[in-house]
Every structure is written in C-alpha cells, then in structure tokens.
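In the working numbering, the protein residues as written are 3 to 287.
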Ligand code: SF4
C-alpha cells in the first residue's frame, strides 16, 4: 500500500560558492507584479542588516570557496551603508549587485568603477527588466522603469561594465524571441551582448501546489549557496526569513541540507537553471 506520509526530497549543499546577503530586510522602491516578496508594510533602516553582522559572516565563512557575494534587498542600493558593504565584500571576492537599476546613473557608474578599480575582484550587475516592449514592461514593474533600467545599462556600459539582464518571463513567451528582441534594444543603446548577458527565469506561482512525486533537477540555488539576513541564515532568497528555509543563526553552525517542500521549490525545479546564482561556466566559454 502506498504510504500517505508526506516525504519531500532533500537537497544538499554541494559547494558553498554563492553567498547572498539580504541588505534591506526586503525593502524596495518598486512593487513589481510578479515579485516573490510579500512586501512588508513598513521597514525602517533600523531593520536593515548591519555591517557588523556581515563582517562576522565573512569571518565565519573564511574557509568556504565563495566565488561571488550577491547583494540583494529587495533593492540593495537603498541601504545607507551600501558603499561600505560593497567595499567590504570586494575585499573577499567578486560581488554581484542584484538591482532594479533605479539608483544607477552616469555619476554612480563612474563611482562604482572607481570602487572596482580599488579591488582585485569584479563588480557584476544583474539588472531586472521583464519585457523589451516598454508598455508591457512598465505594466509589470511600474511606470518609467523601462527607461530607468536602460539608462542604467547605458551608464554602466560607458564605464566598461558588462551587465546581465535578469528577465522574468511574465507573459510566458518564447525565450528565443525574448532574447532576440532584447538584443535589438541593447544594440540601439550601444551595448554589445552575448548569450550570457541574458538570464530568463520562469514567472513563478506562489500558490501552485508542491510536487511530492519523485523529482529530478539539474541545479538549484540551495545546492550552491546560502543567504544571510538580519535574522539568520536561510537556504535561498526565495525562503529568506521563512521558517521552512531556516538553516541557523549564523555561519558558525548552519544546516547543509534542506527539504524541498515549498511551492517555490517546485518552481525552481521547473526552471532548469539557477534562479539567483550566476552560472560562471557560461562566461568561461
Ligand atoms: S526554493 Fe529553490 S533554492 Fe530554495 S530551497 Fe527550494 S528548491 Fe532550493
């Protein structure tokens, strides 16, 4: 007889390559329709992660082979100590800024290039934009966001950064069409792109049921990293500050496995590639 006891598959941390840091307790200046975050009604600067917590995490993970630190926020550039945190993280490894691009203009891009030049590591930008058509994009992300993010891309290119466009496929379109159309837009603003400049993620559905059938997957963010928040350590950005993703209080002692028991996990498995981490293999090809 088939057991009716729920048993979820388990994912193990294979390599700790990606350290995500949630800087702003999910604070954001935008309210995109598809965002996985249930926005807090009021988050104040006192709720944001402190630089001391980040310093401790970097010490506790000194033996790990961290290849990239991802600054998330929701919008990380709303943290008042953003520049100091960026400099601190760049002493350790490459830093990816996961941003909606609202706070990047030419002046900021010039400043960020100076910060990068002080370090032996690289700043990578992952900028969110969801459609090549301005009206469709702004319907998801808010009026004016399309122009804002393209201005950010243009400013970053001027200072020789090579941003990644993070596209949530909200309208469920053919990914090849999406990339071709985005390439044309990038060409127009003088940004020469390659395949690795585009990451297309599925638009996920928080309400979908969790699959309990036997599952196979290619790679999951929880196999290659953990996220630090002001409340502790969690498996991945989807499950930050969610008890189902809790891995411990700090990196001196944290869980290296997790049950894939949430609707987010089913979305991750279907996505076929990492939602949040960068596949650096693509860059070396
Ligand atoms: S949501 Fe995705 S990355 Fe997070 S624990 Fe589930 S499968 Fe892993």
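Where a beta carbon is used, it is the ideal one built from N, C-alpha and C, also for glycine.
- Note on geometry: alpha-carbon atoms of residue 157 and residue 109 lie some 8 Å from one another.
- Of the heavy atoms belonging to the ligand SF4, at least one sits nearer than 8 Å to the Cβ of residue 269.
- The ligand SF4 has no heavy atom closer than 8 Å to the beta-carbon of residue 50.
- Where residue 130 is concerned, the enclosing beta strand (DSSP E) starts and stops at 125-130.
- For residue 231, DSSP records a beta bridge to 234.
- Spatial neighbours of residue 69 in its own chain (CB-CB distance under 8 Å, excluding positions within 5 residues in sequence) are listed in chain order as 19, 20, 95, 96 and 282.
- In this structure, residue 119 has its CB at a distance of at least 8 Å from all heavy atoms of the ligand SF4.
- If you draw a 10 Å sphere on the C-beta of residue 106, you find 16 or more other C-beta atoms in it, and that means buried.
- For residue 247, the Cβ falls inside the 8 Å cut-off from some heavy atom of the ligand SF4.
- Contact between the stretch 111-124 and the stretch 170-184 is not established, with fewer than three Cβ pairs separated by less than 8 Å.
- Residue 63: not part of any beta strand (DSSP E); DSSP gives it neither H nor E.
- Less than 9 Å separates the beta-carbon of residue 72 from that of residue 100.
- The distance from the Cβ of residue 279 to that of residue 226 is about 6 Å, consistent with a contact at the 8 Å cut-off.
- In its chain, beyond the 5 residues on either side, 25, 73 and 78 have a beta carbon closer than 8 Å to the beta carbon of residue 84.
- Residue burial annotation: residue 33 is exposed, with fewer than 16 other C-beta atoms found within 10 angstroms of its C-beta.
- Counting C-beta pairs with one atom in each stretch, the stretch 49-57 and the stretch 240-248 have fewer than three that are closer than 8 Å, which means they do not touch.
- Distance between residue 198 and residue 166, taken at the CA atoms: about 7 Å.
- Rounded to the nearest angstrom, the Cβ distance from residue 194 to residue 134 is 17 Å, too far for a contact under 8 Å.
- Distance from the C-beta of residue 170 to the nearest heavy atom of the ligand SF4 is not below 8 Å.
- For residue 196, there are no CB contacts under 7 Å within the same chain when 5 residues up- and downstream are skipped.
- Counting along the chain, the unbroken beta strand (DSSP E) around residue 166 starts and ends at 166-171.
- Contact check for residue 115 against residue 163 passes: the beta carbons are separated by less than 9 Å.
- It is roughly 45 Å from the alpha-carbon of residue 258 to the alpha-carbon of residue 190.
- For residue 40, the CB stays at least 8 Å from every heavy atom of the ligand SF4.
- The C-beta distance from residue 154 to residue 129 rounds to 6 Å, short enough to meet the 8 Å contact threshold.
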